[in-house]
Structure formats: C-alpha cells, structure tokens
Amino acid sequence: MNHQGHMASYGQPQPGYQEYQPFVYENQHMTGVPPSQYGPYNGPIQGYQQTAVPQGPLRLPPGTAPPPTSIPPSTTAQQPIYNQYRQGEVLNGPALPDQMQRLPVSQPYMPGNTLRSGSQTMPSQHYAPPLSHAQQLPNQMARMQISGVSVNSASPVSQGYDPPASRPQVATSLPPVGPTPYSTPLQNAPSSTPQDNSLLQQPFPGQPTPASTFTSLPTANLPPSLGMQRPPMMHGLPLPGQAPSGTYPSMPNHRSMDPQPGMPGVILSGPTQGFQMQPAPNQGFVPQQNGSFGQMRAPQPNYPAPSVGAPNYSSQPQPQQKRLDPDSIPSPQLNELPTQKKTRHRIDPDAIPSPIQVIEDDKSNRGSEPFTTAVRGQVPPLVTTDFVVKDQGNASPRFMRCATYNIPCTSDMAKQCQVPLTAVIKPLATLPADEAHPFIVDHGETGPIRCNRCKAYMCPYMQFIEGGRRFQCAFCCCVTEVLPHYFQHLDHTGKRMDYYDRPELSLGSYEFLATVDYCKSNKFPNPPAFIFMIDVSYNAMKSGLVHLLCEELKSLLDFLPREGNTEESAIRVGFVTYNKVLHFYNVKSTLAQPQMMVVSDVADMFVPLLDGFLVNVIESRAVINSLLDQIPEMFADTRETETVFGPVIQAGLEALKAAECAGKLFIFHSTLPLAEAPGKLKNRDDKKLVNTDKEKVLFQPQTSFYNNLAKECVAHGCCVDLFLFPNQYVDVATLGLVTYHTGGSIYKYTYFQAQADGERFLNDLHRDVRKVIGFDAVMRVRTSTGIRATDFFGSFYMSNTTDVELAALDCDKTITVEFKHDDKLNEDSGAQIQCALLYTSCSGQRRLRIHNLSLNCCTQLADLYRNCETDTLINFFVKLAYRGVLNNPTKPVRETLINQSAQILACYRKNCASPSSAGQLILPECMKLLPVYLNCVLKSDVLQPGAEVSTDDRAYIRQLVASMDVSETNVFFYPRLLPVHKMEIDTDDFPVAIRCSEERLSKGGIYLLENGLNLFIWVGMNTQHDLIQSIFNVQSFGQIDSGMAALPQLDNPYSKKLRSMVDIIRAQRPRFMKLLIVKQEDKMEVLFKHFLMEDKSANGGASYVDFLCHMHKEIRQLLS
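Residue 3 is where the sequence shown starts when you use the working numbering, and the numbers rise one by one after that.
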C-alpha cells in the first residue's frame, strides 16, 4: 500500500547535505532493518549484466573519519557501493538485475530507533528512461527545481532537504518531478559512517507515513526503463537545529500517525515504499515489439514488466553511461565553490504527479473499510474508489461533496487562500444495493418538526435542552418548544431516549412526508404524466427514427417509474406527432382505434381534447399499440421538411395544466425550426466568431421566447427532455434552453441512422424513462450562522435568491452551491449545511428529502489545505467557467481559471510550506493533481475548440456538464485508459488504468478508453495475432473491421472478459456509450488522440508537462 502524507513537493534534494544515508545494494544487510514485510513483486529485469556502478568517495559529515581512498578489486563484492554523482548529474537507467529492491511500505517500531541530529534517511536513487524531445523544456524553465517540504501548521520553518534561507542556493537544472523513481534499500554502511538504527526512523507497526516528499534527479542518457513502477518518495526529516513542526493532523484520503513515545516534536519519516522485484507472473498477453510512440515509459502500479528481452523500437540510440565527477558536489561548508556548469534536462513525465497513482493509492488505502459519517469534517474517499458508506449523522458523499471539509473561520482568510467554499449536491442520487436508502418519516398532520425562526428541519445537530422540552437550532441558535407528541426524555449524555429510533435524530439523510401545507393551492397533487412528442418530418422518417421509436415504446411503457413494490405505475401517458402542424391522439381505452386531431393554428396553441389524451397504460394497452403501429405508416411518404418547436412545448404544457398535474415531455426532434410559428429560429452558425469577442453569442439563445416559455414550464411542473437527431446546425444553445431550466436532459445523435445508432438511442431512452425522478421540486440550502449560499450552478430556474426551482429532478442531476462568509465562524461549533428538497414522487406523494452535513472550521491555512478535495474543486471550476462563456470570450475565462488556481497554490507555498528556493514547485498533497485536471478543463472543446468541433457540440457539452456530478466530471475531463492486453481473465478486476498519453501506448497492445460519453478500443498494429483472433475473430490486424458497432460474441475467456468490461463500464455511466474501434494509424486515430489529455492537443492546448511549468511561472510571479 502506498501512503501519502500531507504535502507533495517535486524536485531534488539540495546538494551538499552531509546527513544523507549512503546507498548500498541488496546483498548486504543493514543491522536493525527488518526484511520486507510484503511478498515479492515485479521481478528482476533479465538481460542486463550484473555490474557494480562505479562510484566516487563519500563526502562525510564533520568529525567522521574519511573513507579509504580506494577499494581493492577483490573486495568490491563485499563492500557497500555508494552513489556519489554530482547534483543534477545522477545517472538514470534500468534496474540492476537481482539487486533491485525497494523498502517495505511500513516497518515495525523498534525500541532505540530514535533520531539523531546528524542523521537523515537517504533520498531515493533514481532510474528513469530518457525522454523524447517533446518533453524538453524551454530555456527559461530549465532552472526550475521541483521539490518539497512538509506541511507545518505552526510558523513556517526550514525543514526537509532544503537548505536554510541564508545559504545561497546551488544552481541546478530543472529535474524531473514527482512520484518516486526507483530506490535501492538502505543496507550496511561503512565503518567510517555513523552506524546506528537511528538512520531509519521507524513508524509504528502497520502505520503509514504521514507525508510524502517527491524528489527526483535529472534524467541522463541511459537505456529506457523496461517497465518498472515508481514508488512514492521518502519524507525528509528536519535538519539539525531546525524547529520541529509538531504532529500532523489527519489528511484527507490518507492516513495519519502519531509521533512515537519519547520523540516529542520529531516529524516521522516514511521509508521508501516498494516491493522486491520478482519475475512478472505470466498474465494476459505481453505486448510484442514493445515500442511505444517515442520512448517506452515505465508502466503504472501493479503492472508486470514487459516480456523479457523485448526490443525497444524507439528512434533514439542508446548512449553509453558516463562517469561523473563526485567531487563536484558542494557541501554547506564549501558553498563558496563556483557553481557547476548547468546542462538542460527534460522533465520526466513519470516523475510529475500521476492521477493514476493517486487513484490507486486511495483505492488501496480506503477501499476496504466502510466510510462512516459520524465524525464532523471527514474527507471521503475519492469518487474513483469503490467504498461502502454508513450513515451515522452526516449525509453520504454520494449525496453531497465539498471542495474543502475545513472552512476558514473568517472571510479574510477565505479571500487570502482563494479556495472556493462549494458543495456539489445530488439530492436523489442512486445508492448501491448494500447501502440503506433514506428512511421515510411520517409526523402525521403536524408535519415535520422545524425551527420557528429559520425553518430548518429537525436534524442530528439540534440540541435538546430543559429536559427535552425545547431544542436549540444548530443553524440560527433560536430555541423552539417541542410539541407534546414529539416530547421524549433525555439520557445522561443529553441525547433523547429515542435517538436511534428516529432517523431525523441519528442520520444525515432521510425523508419526511409533507402535509397539504406543502402543496400548491393547498391541494395534494395528482400523479404525474409523460407525453411523447414525435417529429414526423422527412428527415426523421428517412433515418428510421420514427419506426424504431414506435416499436420500442410498445415494450418501454411497461417500465414506467413506480413507487416501491407497487405492481403498476401511476404515471399516465399521451402521444403527439408534429411537423409544421401538431397531431393529438385520443387513445381512450373504450375506443377500438386511436383518433387523430390536427391543430394547424400553431400561433395560438391549445389542446383539442382532454378526456382520452392522458391515459393509464394498462387500461389502454391495445389502443396504444395500434397507434404505435400506425404512426410510421401514416407518415411514411411525407415530404414535409420544415418543423416547429416552440408550439410543441406549449402543447405539452397546456395538456399538463388541463390535467392539473406535473409531468415530463419527451420530445424527439430533428431539424432547426424554420416554419412560421412562435419560437422560429434562423441559422446563425458562424465559425468566424470563435476566439473573438463576439464568440459568447454562440452560447446565448437567439430569442427570449424560450426563456419565457421555460419560466412558465417550471411554474407548472412541466419538465422537457430533448432528443436531437440533427444532420446540420439546429442551434442547441436555443433549443436546449427549456430543457436546461426545467431540470430536463438533452441527448444528441448527429447523423442518426437507426442501424448504426439505434442501440445507443434506445438504451438512453430506456434509462431516461425508467430512472428515479421527483416532479415540481423546490430546493433550499440552509447554513449555520457565518456562511450563506450565494451562488448556484446546474439545470434549474431561480425566481429569487434562495430557492432552486425545478420542474423535475432526476437521480443524475446535481446542483453545485457556492458559499460565502457573512460573519465569523467558530472552530468549536463548526459549520452546518442542510439541503431540503420538496418534490412530488412518481406516485403523486409530496415529500421532503433532507441532507445534512457538518464541516470543521479552522484558523490555520494548513488545516484547510489538508482537507481539500480536488475533484470537487474541478467540478466547481468547470461549471463556473462554462457559465462564464455566456458573457465573456473564452480567453479571459481561461485566464481567470489559471489565475485563481495559481493564487490557491501560491497561498499554500507562502503560508504553509517551509522556506525553500523559489525555483521549487511545491504543491499541497490534496491538490497535487490540480494542475493536470485544470489543464484538461482548459483544453476542453467549450473553452478551446478545434476546427472540427461544431458550435452545436460545444453548446451541448456545456449544457451536459452543468448538471454533472463529481465522478462524471472526473472521468469526462481525464478519461480512463485501460490496457486490455493486461487484463486477468481469472478475476473480475479491471486492469489498472494507465495515464492518458500517447507515449504510454504500446504498438503491441489493445486499450479501452472511456470518458462517460465516448468509448474507444484502440488496437496497436503489432498486437499478437492470437489476441486479435480471440477478440475480433479475424486472423490479423489488417482484417479488423473498424466500422463494427459491437464486439463479436465469441466463446473464449478474452472475448467474454472484454465484453463484460464494456458492459460494466456502460452501466456505471448515465449515458450509453457507442463503441468505436480505432486501429493504429487509421483515420479515426485523430479523434482517439483528442482524449489523451496529458499530451499537447491539436487545437493548441498545452501538454501536462508544459502546463505544470506555466503554473509554476504564474505562482512565482504571484510570490514575487
């Protein structure tokens, strides 16, 4: 298991510190260091001759005897070998054969292992492949060091490997950054070196390290790595004479540990984590001809090395290792020596923070234990981790996630750090089968218990006083009388005796049955209705849409949402078809055949019938089936190409108003509404506006008609789900407006053909019709004194500043809320948030769903940065930016995002990190992925479109992202890339993902990429024929049909496992992903590469490495 601490810093240790423990290799053992507690891992790399690396003499601390000037050849094997290359010139290369071993993850505490001031754990020795010229840095960046220090919640002090500020920094070249290069274990030290167990600071048995400091050295010209993983780094101890920084508070997504007894104030170091290298188990297909594009990179965690002796097909020659001068290492005592001549080095992409490493670490650290919500301000596991939630007083993170779980006590502190205070709320989220759904509480005619002043609902934070006769509100501190029927005595702790019997007192999420006072016109609502409105113009008929849809509706109507275990749904249905005019259908159960009524006066829309339009499916089954058979035949020969759109929504709205119920319109539309009617549009698509000040008009609606119509729909509980089937521009920005404001969903199938796209459309339709939904909803977010909700993002309408109004809200929709200070907060009482959603269930029952969350408050910035959640932060940033393009050009929107992120990181560097060189990039542990994720957002099609991205596609993506939850934005902006050829057919586990970069792809491999909307299988041209045969049922790479829409169903384990993976991935996402087969160097590969987010994009987006350098430059400018 890899454990991470409070802060990661990227770079190399400062030269010349004598406290470093020298390296030795495996066959010598250091006294007092236990052997690895973990089993063998990836094995020794074959094919390299075991040789000792030539090393120079060791520069020792003052007061120690010098080492022998030479070592006789006969004793070389018995003597320890040291790494004494000059700073900035350490050679990187493949692991030596049988000696490569990494330290165990944790080592037992042994008495006597106290820290001496003159000793320090040795930084890892690095091995890294040479890089392609694409990663080379510009000259002005070549001096940047990337290093790290530990979080210090007290006053900053110099610590770790950084020299005190008074000492001049030794000039060094830009090193690789990040998670760990390879390290050799600490073993026997020479007699001339202080030999003691204190050289290794041990944690308690089984305890992880509290912090990770990433250091690495510049890449030299050595053969590329043959596929070993890079473990996390060691954390540096304080230098002699430095103030200790005390203990670490707990970290989000990581575990903490306490100092050892008898060692007050000493920061514990974590041993380098790793595993003994063992031969890789024979699993999956080993890629043959393992040449990647550019240099071969080391694989991700838990991966075996490539096949033994696999040739490397990179274009770079393999240079000889060169001996470097160890005497050029300056020491603190010799800092008057001239600085060494610098050489340009490239940043190693393996050395900068890896999303995959963070995801895998969190899975191993937090995926096995249930996440209990009893403790205030707990940071939950990442959205990519599969975990079980136990509600013990705070809402599950599936319902509510925050960007930080430790809020600044004052507004000044919040302005200083620039970390947005935000929560992403998904009120009706679907829960796994092994988690309890919110209980329904019925208080009878009196309704839910509430605070008299702020109207907050009863929750676990309310404090009962005076023997239980009153309660004090946790939100406004008002005292309210307890109603006689709700009275209960208190126990000796002040809790009510019925605490565990009442969900509203002991759980974070629950539901109340609402009384008639919570209903419109003081009248209980009728069950909702679904109206299917089908475009029957020429384009819709020609594509096969109408025939496909009508056939599917016959069976789909059996799956309408129903309440609990009821046998049939209470939802009624109706049908409309349209082109330039509208056709209403009477499908009353007493009729032998359906009746059509045509409304041609679209300027003044009305519903021509009431009785027989909205019907019960079971009662009218025969008439409905007859209608669905007749519709494709009636319009089969149509030549009408023009359509209306505004009157269609008006017709559905009028029908729901007449039936006095809420409901949803399912509109299936194909063209720009050019016919004369309210809401008529024109083609205004203009690519010339992209990247100009007028670009914002492309995202704005053409007319105010649809905005007014949306407002009326929300007022009457009419939600609109829009299925678009365009062959050209349809102005999604305008047509989707009503969908956006009513809480509906939009789906887009460009160039739809029933045979090719039917599976995707029907799966989307099935899920959309069947999913959990609440109608005619109002949501309000209450907070405790000191903060208040100020801004809201999502698909909804707001007629005032507090109430989020939704015609409907389904299980996939989220509302993102931003909070601001209006007073000081108190560390002791914390901050409370309560989300209350009033809605009508699919059975017509009026309910209140309540979610409560309590957060910590802090006066130290370090506490805030320890408890942040980067995925939620990115979710907020992208919604803020996507709303910003409505009123601003994209360039200033991108610059605003970069500036705020740089301010967040600069504030951390200035106030929480120990003093260090300005050339070091220091990132908070919880935010070390902020740069890579932010770069993905900046390169997205909305903010930086390529020439091939249509205006409609940008408007469509912008609307989709507005209501995405954290897990959806996470995979959408940084896709999941799985090496199919490494899947283990004997288990249900997926192969570990790899980073989204072209150089990670092997010509001998098959990869699956998904981002929630797209699903690709990429096949390398050198893939083994047996694997191609097993999956595609053809003999060779050239015979693979890239036009196939589905994988062939073959009776072999590889085919079954891959098809199972595809099915599971599709089930995890709210939208069905059409499968695209991409062959290497095929024309479709350009589209596939668009999703490799760590690479430079064709539309000018920066690579991850380049953007990290840019962010560092921004941070340095802010600090200077």
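Think of the CB as a built atom: it goes at the ideal place given N, C-alpha and C, for glycine as much as any other residue. For clarity, every value in this text was computed on a predicted model and none was experimentally measured.
Query raised in the report: What do you get for isoleucine 1066, buried or exposed, if any count of 16 or more other CB atoms within 10 angstroms of its CB means buried?
Result: exposed
Query - Beta-bridge pairing of leucine 857 - partner residues as DSSP gives them - result: Ala833
Query raised in the report: Is tyrosine 512 near phenylalanine 466, with beta carbons less than 7 Å apart?
Result: no
Query - N-terminal and C-terminal residue of the beta strand (DSSP E) that glutamine 418 is part of - result: Where glutamine 418 is concerned, there is no enclosing beta strand (DSSP E), although the alpha helix (DSSP H) it sits in stretches over 413-419.
Query - Residue burial classification, cysteine 480 (beta-carbon count within 10 angstroms, cutoff 16) - result: exposed
Query raised in the report: By the 10 Å Cβ neighbour count, where 16 or more other Cβ atoms means buried, how is glutamine 1070 classified, buried or exposed?
Result: exposed
**Report entry** Cβ neighbours of glutamine 902 in the same chain (closer than 6 Å, five flanking residues each side left out)
**Finding:** Gln420
Report task. Identify, in the order they occur along the chain, each residue of the same chain with its Cβ nearer than 7 Å to the Cβ of histidine 718, setting aside the five sequence neighbours on each side. Result -> Leu655, Leu658 and Lys659
Query raised in the report: Alpha carbon to alpha carbon, what distance is there between arginine 1073 and arginine 564?
Result: 21 Å
Requested in this report: Confirm, please, whether the CB-CB distance from alanine 957 to valine 734 is below 7 Å.
Outcome: yes
Query - Cα-Cα separation between phenylalanine 701 and leucine 888, rounded to whole angstroms - result: 6 Å
Query - tyrosine 1009 and serine 1032 closer than 7 Å at C-beta - result: no
Report task. Could you spell out the range, first to last residue, of the alpha helix (DSSP H) harbouring serine 786? Result -> That residue, serine 786, is in no alpha helix (DSSP H); it is neither H nor E in DSSP.
Report task. Could you check the C-alpha separation between leucine 555 and methionine 1075 for me, to the nearest Å? Result -> 21 Å
Query raised in the report: Thinking C-alpha only, which one of Leu1017, His983 and Asn541 is nearest threonine 1025?
Result: His983
Query raised in the report: Under the DSSP definition of a beta bridge, which residues are partnered with aspartate 805?
Result: Arg782
**Report entry** Nonlocal neighbours in the same chain, by C-beta distance under 7 Å from glutamine 380, ignoring five residues either side
**Finding:** Tyr407
Query - Buried or exposed by the 16-neighbour rule on C-beta atoms within 10 Å, applied to phenylalanine 489 - result: exposed
Query raised in the report: Taking three-plus beta-carbon pairs below 8 Å as touching, is the region 807-821 in contact with the region 417-436?
Result: yes
Query raised in the report: My guess is that aspartate 538 and phenylalanine 477 are in contact by the Cβ rule of under 8 Å, so how many angstroms apart are they, rounded?
Result: In the sequence on display, residue 538 carries valine and not aspartate. No, valine 538 and phenylalanine 477 are not in contact; Cβ-Cβ is about 53 Å, not under 8 Å.
Query raised in the report: What did DSSP end up calling serine 511 once you bin it into helix, strand or coil?
Result: strand
**Report entry** Host alpha helix (DSSP H) of alanine 542 (start-end)
**Finding:** 540-544
Query raised in the report: Between which two residues does the beta strand (DSSP E) carrying cysteine 720 extend?
Result: 720-726
Query raised in the report: Which partner residues does cysteine 404 have in the DSSP bridge list?
Result: Ala425
Query raised in the report: If you drop the 5 nearest sequence neighbours on each side, which residues of the same chain put their C-beta closer than 7 Å to that of histidine 583?
Result: Rather than histidine, the amino acid found at residue 583 in this sequence is valine. Same-chain partners within the cutoff: Val600, Val601, Ser602 and Val604.
Query raised in the report: Which term fits tyrosine 753, buried or exposed, when burial requires 16 or more other beta carbons within 10 angstroms of its beta carbon?
Result: exposed
**Report entry** Three-way DSSP call (helix, strand, coil) for glutamate 871 in this model
**Finding:** coil
Query raised in the report: Between which two residues does the beta strand (DSSP E) containing threonine 579 stretch?
Result: 574-580
Query raised in the report: So asparagine 710 is in the alpha helix (DSSP H); what residue range does that whole segment cover?
Result: 707-717
Report task. Compare the beta carbon distance of threonine 673 and threonine 645 with 7 Å and say whether it is the shorter of the two. Result -> yes
Report task. Assign tyrosine 799 to one of two classes, buried (16 or more other C-beta atoms within 10 Å of its C-beta) or exposed (fewer than that). Result -> buried
Query raised in the report: When the Cα atoms are used, what is the spatial distance from proline 529 to asparagine 709?
Result: 27 Å
Query raised in the report: Measuring CA to CA, which of Glu714, Glu635 and His671 is closest to glutamine 652?
Result: Glu714
Query raised in the report: So what does DSSP say about glutamate 820, is it helix, strand or coil?
Result: strand
**Report entry** Between the CA atoms of isoleucine 533 and glycine 665 - distance to the nearest angstrom
**Finding:** 8 Å
Query - Helix, strand or coil at glycine 587 according to DSSP, with G and I counted as helix - result: Reading off the sequence shown, one finds tyrosine at residue 587, where the question assumed glycine. Strand, per DSSP.
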